[in-house]
Amino acid sequence: MWSISVDWNKFYSILFLLFFVGCQPIQENETQRISGFALGTSYSVTYLSPSLKAEVLQRKIDSVIDLMNASMSTYIEDSAISKINRGDSLIQVDEHFEKVYAMASEVWEKTQGYFDPTVGALVNAYGFGPDTSYTPISEEQRDEILIFTGWNKTKLTSKKTVRKEHPQVYFDFNALAKGYVVDVIADLLRENGSTSFLVEIGGEIVAEGLSPKSQQPWKVAIDDPRQTEERSFIAVVPLTNQALATSGNYRKFKLDKTTGKRLVHSINPKTGNPFPTEVLSASVTAPTCMEADAFATALMVMPLEKSRALIERESNLEAYWIVEMEDGTVEELYSSGFFRE
């Protein structure tokens, strides 16, 4: 398994599919759906493809997940990323690791370092990694760990090996690798001739074409971060030929027994602090789920005005923020091209 709970630093607000609206009748065997549990969370694939049987797609998905675990799961001791984290500088990474590394570099630069997968050592220190136990750490201890945080302290060489400035630098790709897996499964469907599908893993989504039942864009619900016991939704987003990811801190958090402060898994890589900001959740649409995944994580820790400016600069991104104001009220903010119902 990728993780041991529904998670990944940068826990995503799980977006639940698809309430097909509408109405044109189709044959039952035209639309197929598979679901299961992988990467520490649930997944669901709904697709239209006469030539691709569900059991065949299931085997292909299982194979993809095995490859990703072997490459990038910090929860598996003999994965490539775990070996690199332990100091192995000779292991050659696969094409999947390369693609995720390249996207991490791009998002790190565009967010001015607010997205940084080397925050992994801090994720572990606060009990949000493979070892979920937490012992309060001092500011001095935090600052010592922070020395080993920084994407610019790493390099992927031409020999496909990873060079680290300090042995203690710890990679954690959980904030974008799950989105990457969604992209890979979406590509599988395209390669097999499907032009209408929705792939979801733990709330990370790619939608292609139109819903077969309604002949309208797929509809995806976004969780209300203020919910308590029962799940409720705050928005419905029509989605076609796009990816969407939501990040939030309202499910995965801890309480510091010493200070009583709430600690969240979206850790600021610049300060090393695990404290929530005014942003309760951030949703991003993008051409790929890996991009949406990474940018949604960054928006949880960036100053709000900086994050809004970032999204307006990036023409292929749109975003939706749920923000708690100083007076305790909650507001919804949108970029200029984001559409919700």
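Residue numbering for the sequence shown follows my numbering, beginning at 25 and increasing consecutively.
We put the beta carbon where it would ideally sit given N, CA and C, even for glycine.
Everything numeric in this text was worked out from a predicted model, so none of it was measured.
Any chance the stretch 91–109 sits against the stretch 191–211, with 3 or more Cβ pairs inside 8 angstroms? The stretch 91–109 is in contact with the stretch 191–211.
Contacts around LYS183, its chain only, beta-carbon distance under 8 angstroms, and the 5 residues preceding and following it disregarded: Closer than 8 angstroms at Cβ, skipping near neighbours: GLN116.
Report yes or no: do three or more beta-carbon pairs, one from the stretch 303–311 and one from the stretch 319–337, lie closer than 8 angstroms? Flag = yes, the stretch 303–311 and the stretch 319–337 touch.
Quick one: grab the DSSP three-state call for GLN266. Three-state result, GLN266: strand.
So, with DSSP's three-state summary, where would you put GLU329? In this structure, GLU329 counts as helix in the three-state DSSP scheme.
Have a look at PRO300 and GLU356 and give me their C-alpha separation to the nearest angstrom. Here the C-alpha atom of PRO300 lies approximately 17 angstroms from the C-alpha atom of GLU356.
Should ILE246 and THR65 be called a contact, given that it needs their Cβ atoms to be closer than 8 angstroms? The criterion of a C-beta distance shorter than 8 angstroms is not satisfied by ILE246 and THR65.
For VAL303 and VAL354, what's the separation of their Cα atoms in angstroms? Here the C-alpha atom of VAL303 lies approximately 10 angstroms from the C-alpha atom of VAL354.
Residues in its own chain within less than 6 angstroms of PRO236 by CB, not counting five upstream and five downstream? Annotation for PRO236: ILE50, THR55, LEU72, SER220 place their beta carbon closer than 6 angstroms to its own, counting only its chain and skipping 5 residues before and after.
Counted within 10 angstroms of its Cβ, other Cβ atoms place ASN340 as buried (16 or more) or exposed: Counting C-beta atoms within 10 angstroms of its own C-beta, ASN340 has fewer than 16 neighbours from the protein chains shown and is therefore classed as exposed.
Leaving out the 5 sequence neighbours to the left and right, which residues in its chain are closer than 6 angstroms to GLU228 when beta-carbon positions are compared? For GLU228, where only same-chain residues beyond five positions count, the Cβ hits under 6 angstroms are LYS202, GLY203, VAL206, ALA269, CYS313, ASP317.
Hey, is the stretch 211–218 in contact with the stretch 122–135, meaning 3+ C-beta pairs nearer than 8 angstroms? In this structure the stretch 211–218 does not touch the stretch 122–135; the number of beta carbon pairs closer than 8 angstroms is below three.
List the endpoints of the continuous beta strand (DSSP E) containing LEU357. From DSSP, the beta strand (DSSP E) with LEU357 extends over 354–358.
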